[in-house]
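Protein chains in written order, with our numbering: chain A, 1 to 226; chain B, 227 to 699; chain C, 700 to 956.
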Amino acid sequence: MADTSSARAQILGGIRKALGSADGADEARRRLATHPRNLVPARAQIPHADQVELFATMATEVAATVERLPSLDEVPRAVAEYLAGLNLPAEIRVAPDPKLDAVPWDQRPTLTVTRGRARDPDAISVTGAFAAVAETGTLMLISGPEHPTTLNFMPDTHIVVLKRGEVVGTYEDAWDRLRAAMPGAMPRTVNLITGPSRTGDIEQRIELGAHGPRRLHILLIEDDAG
Amino acid sequence: MHPTTHAFPENARKALSDERLQKVLSTAGTGFVEKRRKAAERLPEFEALRDQGRDLKNHVLANLDTYLEAFEAKVTEQGGHVHWCRTDQEARDAILGICRKANARTVTKGKSMIAEEIGINDYLEANGLIPIETDLGEYIIQLRHEPPSHIIAPAIHLSKEDVAETFRDAHTELPRDRLLDEPKVLIAEARQVLRRKFQEAEVGITGANLMIAETGSTIIVTNEGNGDLTQILPRIHVVIATIDKVVPTLEDATLVLRLLARSATGQEASAYTTVSTGPKRPGDVDGPEEFHVVLLDNGRSALLGTEFQDVLRCIRCGACMNHCPVYGSVGGHAYGWVYPGPIGSVMQPALLGVKEAGHLPNASTFCGRCEAVCPMRIPLPKMMRHWREKEFEQGLQPATMRRGLGVWGWFARRPALYHAATRMAVKALGALGRGKGRFARLPLAEGWTRHRDMPAPEGKTFQQQWAERKGKR
Amino acid sequence: MSDQRPAPRVGLFVTCLVDVFRPTVGFAAVKLLEDAGCTVEVPSAQTCCGQPAFNSGDRKTAADLARNTIAAFEGFDYVVVPSGSCGGQIKHHYKELLADDPAWAARAHHLSARTYELVSFLADVLGVTNVEARYDGTVTYHDSCSGLRELGIKEQPRRLLNSVDGLTINELPGAEVCCGFGGTFCVKYPDISNHMVEAKIADITKTGADTLLAGDMGCLLNMAGKLKREGSPIRVRHVAEVLAGVTDEAPPIGDKT
Ligand code: SF4
Chain A
1 MADTSSARAQ ILGGIRKALG SADGADEARR RLATHPRNLV PARAQIPHAD QVELFATMAT
61 EVAATVERLP SLDEVPRAVA EYLAGLNLPA EIRVAPDPKL DAVPWDQRPT LTVTRGRARD
121 PDAISVTGAF AAVAETGTLM LISGPEHPTT LNFMPDTHIV VLKRGEVVGT YEDAWDRLRA
181 AMPGAMPRTV NLITGPSRTG DIEQRIELGA HGPRRLHILL IEDDAG
Chain B
227 MHPTTHAFPE NARKALSDER LQKVLSTAGT GFVEKRRKAA ERLPEFEALR DQGRDLKNHV
287 LANLDTYLEA FEAKVTEQGG HVHWCRTDQE ARDAILGICR KANARTVTKG KSMIAEEIGI
347 NDYLEANGLI PIETDLGEYI IQLRHEPPSH IIAPAIHLSK EDVAETFRDA HTELPRDRLL
407 DEPKVLIAEA RQVLRRKFQE AEVGITGANL MIAETGSTII VTNEGNGDLT QILPRIHVVI
467 ATIDKVVPTL EDATLVLRLL ARSATGQEAS AYTTVSTGPK RPGDVDGPEE FHVVLLDNGR
527 SALLGTEFQD VLRCIRCGAC MNHCPVYGSV GGHAYGWVYP GPIGSVMQPA LLGVKEAGHL
587 PNASTFCGRC EAVCPMRIPL PKMMRHWREK EFEQGLQPAT MRRGLGVWGW FARRPALYHA
647 ATRMAVKALG ALGRGKGRFA RLPLAEGWTR HRDMPAPEGK TFQQQWAERK GKR
Chain C
700 MSDQRPAPRV GLFVTCLVDV FRPTVGFAAV KLLEDAGCTV EVPSAQTCCG QPAFNSGDRK
760 TAADLARNTI AAFEGFDYVV VPSGSCGGQI KHHYKELLAD DPAWAARAHH LSARTYELVS
820 FLADVLGVTN VEARYDGTVT YHDSCSGLRE LGIKEQPRRL LNSVDGLTIN ELPGAEVCCG
880 FGGTFCVKYP DISNHMVEAK IADITKTGAD TLLAGDMGCL LNMAGKLKRE GSPIRVRHVA
940 EVLAGVTDEA PPIGDKT
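The following block contains the structure:
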């Protein structure tokens, strides 16, 4: 591999020379440490109940579907009916997420449930979410042992179990949550997902399901306990 | 990619007489414009965000060394590698080195303008690797051996029939009788073929819309999800990005993201915004084992502190070309290299030199629509003018034009002579043209009269008539 | 004027194209300004605003011509220009051109603050809300780029045109898209320029208007030249001619006497 240390010195040296004195460095370091917010649109700075509504509206607008459920107990029925309604196979790949352990899958014996990362033939995945951003109807999913990233992209249908309390207003709120959950670190991947996969590359006509899921179904759980 | 920018006038003529291209351009243009307008109107803070975006990038450029060092430290801390590269050749070698070390054969690629700029595909191919574009548009043009014609819609110049033909030629296992008449079917076909490639690849290369110094992360913004499969399925994830893409924090990235999708496609947010940090973690069951950032300068730092510094604020949204009447007339290929449209007219002279790319900053009416929509408020016309100044200083403009301007300038500095000369010219032209009110042909004005008539002057200059009138008063 | 306030002294910057091709516009401007209570003078030391040199990269010539214009127009309350393009040059670019020359930069700033494009001057500075004029016809209006984007001229001409008796406005789709003139652009890249003006006149024709108006002679010559080459009966005029009610004094641009 090429030695890039002289390149490094030369690039940084060139930058410093062009910029003249580097007395802004303190300000820059302060910005990194304090990560101040910039202008945050007013749209999502509203009471939490309204944020949840805004999230559902915005997500629906980008062709995600949102179904409200009173509790996690309802998830197996909802998943089975959703799949049956679309004539999809009742085989689901579920994230090994402890949050989903409470889902009573055995209530629906017709559902074949396996857990783990996505494999190529998996057609349907079910995952949790770390947060959801009301501002644009965006899900925030973070990678980890409990949430393999492949589940977000490989299957044709992605079902997300989202708890009401996971909805926040703005991106800034979501970053704050992430920093609180993982102080000083980042997960390998943060996926901000706004609707299903799409492309306009052929004649600018938007078609869903280019590489990632063509369906994004969000089960919004109203009951936050448990 | 070998630039043909010097041949812009011929390229443009070809494009103008290409009926198929003209049909595509006439429908494509208005789509993006309308969508952007609606998205901007829907967000009351949009104009204020543009101001902040401009200020943020100015701040970053003024502290670029600090932020790059912070970014590098964070990448390293999390198990990733940063490869500093001065030139396109260094970047190509760095990437080839990573692939070689991994014994890679197949390399999948997400969409990246920098990858185009350094010509990585040809290089990898020449060295025995198989690079595969996975963005649908990029994949199509790769199969056709064409460069992209738009920075966010690379195959915008093609019709669905063109795409069908391309797939029939390339996908040899495709049954003859399989109907490929709709975008939906074409997309399914590409998806199936590319899915296999993602799994075969040892290395996945993506670009970066942003790098975050606070966290050592890179961000890609896509709609298809190909960039994600590119980085989670192969064993190694390589990010290629230029130094101007760094921003301080997640909050600052958010500011840029709020502007990017709206300016580019008119979306509130693109389908996938992905923040990648380092290789996979202990316990992760998927994700890349290695994370490399190829950090490229390639002429950017040389623009710092010059009259062209502002162009480094660019976030490659494509709004300037979507709104450009010249781009809308000739399409992207006429620009002869990687960056078309107004941003290309400023960047290409910087990267290729004024000799090669001098036409581009001249081929503008300075209508200002690009600057009016640029989310980063880059004064694109002003920078094109600065390139014209460089050209003028170096005496690179056509002699006839320089002479013509010289004579005119000499007169215009001398009001009395100027008015005498215009009086004479107008008298002659007025007498000649009075019959029809216009000229179909005029010596020395062939560029004008080839396509339009020249309205005739009224016979006396305003100054002359004003003086006469004042005499009478 | 016998008002308490003295009449504003306006220096008219004629512009090369009006001077040479369309003196009628100059006189229309004088009439509009005088009707609105100004005294108008036309300094004979003016030539060209220097934009062709500036946009060709010849800063030195451009700066010389800027100094010439500045000197010619010192002492007026306002400088008014029947063109957004030349107006923009004087208002915005002189400062930039002479930035390194403190004495002249100050004079450039002073001139900048007093310089206006004609129609926006009438509407925004003098507060003119209606004009005494009649034009029997349906017009469409093209927003010239510099006026629109450098000087914010959009509503003012429409507002004043609405006060002209007998006149109807049909809005032009894509009115904010460049017509393809662009100064030297149209002769350096004639084919691209032609493509742009073709699209423009197609839009103009679709409006069904019998008259095309705009506020810049360059664009008007370009669009008139193309319309006439195609044999279109659409009449082309500078907006000032219609607002001043002087359309019977000269044939439309590119039409015969
Ligand atoms: S110059 Fe501005 S409008 Fe053009 S691509 Fe860059 S950011 Fe977008």
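Ideal placement from N, C-alpha and C gives every residue a C-beta, glycine not left out.
Terminal residues of the alpha helix (DSSP H) in which Phe712(C) lies: Position 13 of the third sequence, counting from 1, holds the residue named residue 712(C). For Phe712(C), there is no enclosing alpha helix (DSSP H), as DSSP marks it with neither H nor E.
Given Cys747(C) as reference, the closest of Pro669(B), His645(B), Lys698(B), Arg695(B) once Cα atoms are compared: Along the third sequence, one-based indexing puts residue 747(C) at 48. Comparing Cα positions, the closest option is His645(B).
CB of Arg678(B) within 7 Å of CB of Arg934(C), strictly: In the second sequence, the residue the question calls residue 678(B) occupies position 452. In the third sequence, the residue the question calls residue 934(C) occupies position 235. No, the pair does not count as a contact, with Cβ atoms beyond the cut-off.
Beta-carbon proximity check, Ile469(B) vs Arg526(B), cutoff 7 Å: Taking the first residue of the second sequence as position 1, residue 469(B) is located at position 243. Taking the first residue of the second sequence as position 1, residue 526(B) is located at position 300. Yes, they are a contact pair.
Closer than 7 Å to chain B by CB, Thr114(A): As a first step, residue 114(A) must be located in the first sequence, where it is residue number 114. Closer than 7 Å: no.
Bridge-paired residues (DSSP) for Gly836(C): Taking the third sequence and counting its residues from 1, one reaches residue 836(C) at position 137. Answer is Leu866(C), bridged to Gly836(C).
Residues that DSSP places opposite Leu911(C) in a beta bridge: Walking along the third sequence from the start, residue 911(C) turns up at place 212. When DSSP reads this structure, Leu911(C) sits in a beta bridge with Thr839(C), Val935(C).
Cα-Cα separation, Arg117(A) to Trp105(A): Here residue 117(A) is taken as the residue at index 117 of the first sequence, counted from 1. Here residue 105(A) is taken as the residue at index 105 of the first sequence, counted from 1. Distance from the CA of Arg117(A) to the CA of Trp105(A), rounded to the nearest whole angstrom, comes to 18 Å.
Pro722(C) versus Ser243(B), Lys698(B), Thr648(B), Arg667(B), residue with shortest Cα-Cα distance: For this step, residue 722(C) is matched to residue 23 along the third sequence. Of the candidates Ser243(B), Lys698(B), Thr648(B), Arg667(B), the one whose C-alpha sits nearest the C-alpha of Pro722(C) is Thr648(B).
Residue burial classification, Gly226(A) (beta-carbon count within 10 angstroms, cutoff 16): Your numbering for residue 226(A) matches position 226 in the first sequence. Residue placement at Gly226(A) is flagged as unreliable, the pLDDT there being 42, under the threshold of 50; the coordinate-derived value follows with that caveat. Exposed: under 16 other Cβ atoms inside 10 Å.
When Glu849(C), Asp890(C), His808(C) are compared against Ser819(C), the one with the closest alpha-carbon: Along the third sequence, read from residue 1 onward, the residue named residue 819(C) stands at position 120. Out of Glu849(C), Asp890(C), His808(C), Glu849(C) has the C-alpha closest to the C-alpha of Ser819(C).
8 Å contact criterion, which His217(A) and Ile159(A) should meet: CB distance rounded: One-based indexing of the first sequence puts residue 217(A) at position 217. One-based indexing of the first sequence puts residue 159(A) at position 159. Confirmed, Cβ separation roughly 5 Å.
Nearest-angstrom Cα separation, counted from Val447(B) out to Ala439(B): Counted from its first residue, the second sequence places residue 439(B) at position 213. Counted from its first residue, the second sequence places residue 447(B) at position 221. Ala439(B) and Val447(B): Cα-Cα distance of roughly 18 Å.
Leu993(C) in three-state terms, based on DSSP: This structure does not reach residue 993(C), given that chain C is present from 700 up to 956, and the question cannot be answered.
Cβ-based neighbour list, Leu764(C), same chain, cut-off 8 Å, excluding 5 preceding and 5 following: By 1-based counting over the third sequence, the position of residue 764(C) is 65. Excluding residues within five positions, the ones whose Cβ falls inside 8 Å are Thr746, Cys747, Cys748, Gly749, Ala752.
C-beta contact flag for Gly562(B) and Asn237(B) at 7 Å: Sequence index remark: in the second sequence, residue 562(B) carries index 336 (1-based). Sequence index remark: in the second sequence, residue 237(B) carries index 11 (1-based). Yes, they are a contact pair.
Neighbour flag for Phe820(C) against chain B, beta carbons, 7 Å: Here residue 820(C) corresponds to residue number 121 of the third sequence, with the count starting at 1. False, the Cβ-Cβ gap to chain B never drops below 7 Å.
Any non-hydrogen atom of ligand 1 within 6 Å of Cys600(B) CB: In the second sequence, counting from the first residue as 1, residue 600(B) sits at position 374. True, at least one ligand heavy atom lies under 6 Å from that Cβ.
Proximity below 7 Å, CB of His518(B) to CB of His285(B): Here residue 518(B) corresponds to residue number 292 of the second sequence, with the count starting at 1. Here residue 285(B) corresponds to residue number 59 of the second sequence, with the count starting at 1. 7 Å or more divides the Cβ of His518(B) from the Cβ of His285(B).
Pairwise C-alpha distance: Asp776(C) and Ser782(C): As a working note, residue 782(C) is residue 83 in the third sequence. As a working note, residue 776(C) is residue 77 in the third sequence. Linking Ser782(C) to Asp776(C) through their CA atoms gives a straight-line distance of about 19 Å.
First and last residue of the uninterrupted alpha helix (DSSP H) at His217(A): What you label residue 217(A) is simply residue 217 of the first sequence in a count that begins at 1. Element bounds for His217(A): not the alpha helix (DSSP H) but the beta strand (DSSP E), 215-221.
For Ser443(B): DSSP bridge partner residues: Taking the second sequence and counting its residues from 1, one reaches residue 443(B) at position 217. Among the bridge pairs identified by DSSP, Ser443(B) is matched with Ile438(B).
Limits of the beta strand (DSSP E) - the one that Met140(A) falls within: One-based indexing of the first sequence puts residue 140(A) at position 140. Taken as a continuous stretch (DSSP letters only), the beta strand (DSSP E) holding Met140(A) covers 138-142.
Chain B contact for Met1(A) (CB, 7 Å cutoff): Position 1 of the first sequence, counted from the start, is the residue given in the question as residue 1(A). The predicted position of Met1(A) is uncertain, since its pLDDT is 46 and thus under 50; no value can be drawn from it.
Test item: CB-CB of Ala551(B) and Cys844(C) under 7 Å: As a working mapping, residue 551(B) is identified with position 325 in the second sequence. As a working mapping, residue 844(C) is identified with position 145 in the third sequence. Here residue 551(B) is Pro; the residue named in the question, Ala, does not match the sequence. No, the Cβ-Cβ distance between Pro551(B) and Cys844(C) is not below 7 Å.
Interfacial residues, the segment 509-520 of chain B to chain A, with Cβ spacing under 7 Å: From the segment 509-520 of chain B, only Gly509, Asp510, Val511, Asp512, Gly513 have a Cβ closer than 7 Å to chain A.
Residue range of the alpha helix (DSSP H) that includes Ala784(C): Stepping through the third sequence from its first residue, residue 784(C) is reached at position 85. According to the sequence displayed, residue 784(C) carries Ser and not Ala. That run of the alpha helix (DSSP H) goes 783-787.
Buried versus exposed, by CB contacts within 10 Å (16 or more), Glu684(B): For the purposes of this step, residue 684(B) is taken as residue 458 along the second sequence, with counting starting at 1. Buried, since its Cβ has 16 or more Cβ neighbours within 10 Å.
Exposed unless 16 or more other CB atoms sit within 10 angstroms - verdict on Thr136(A): As a working note, residue 136(A) is residue 136 in the first sequence. With 16 or more Cβ atoms within 10 Å of its Cβ, Thr136(A) is classed as buried.
Short-range partners of chain A found in the segment 300-318 of chain B, where Cβ spacing is below 7 Å: So the close ones are His309, Trp310, Cys311, Arg312, Glu316.
Beta-carbon proximity check, Asn191(A) vs Thr500(B), cutoff 7 Å: If you number the first sequence from 1, residue 191(A) lands on position 191. If you number the second sequence from 1, residue 500(B) lands on position 274. Going by C-beta atoms, Asn191(A) is nearer than 7 Å to Thr500(B).
Collapsed DSSP secondary structure at Gly226(A) in the structure displayed: Translated into the one-based positions of the first sequence, residue 226(A) becomes position 226. At Gly226(A), the pLDDT of 42 sits below 50, so the modelled position is not reliable; the number obtained from the coordinates is stated separately. Correct three-state label for Gly226(A): coil.
Pair within 7 Å by beta-carbon distance, Met609(B) and Phe534(B): Walking along the second sequence from the start, residue 609(B) turns up at place 383. Walking along the second sequence from the start, residue 534(B) turns up at place 308. Contact annotation: Met609(B) and Phe534(B) have beta-carbon atoms nearer than 7 Å.
Bridge partner(s) assigned by DSSP for Pro357(B): Position 131 of the second sequence, counted from the first residue, corresponds to residue 357(B). Answer is Val333(B), bridged to Pro357(B).
Three-state class that DSSP yields for Glu494(B) in the structure shown: Numbered from 1 along the second sequence, position 268 holds the residue referred to as residue 494(B). DSSP places Glu494(B) in the coil class of the three-state scheme, outside both helix and strand.
Same chain, Cβ closer than 6 Å to Ala254(B), neighbours up to 5 away in sequence not counted: Mapped onto the second sequence, residue 254(B) falls at position 28. For Ala254(B), where only same-chain residues beyond five positions count, the Cβ hits under 6 Å are Ile382.
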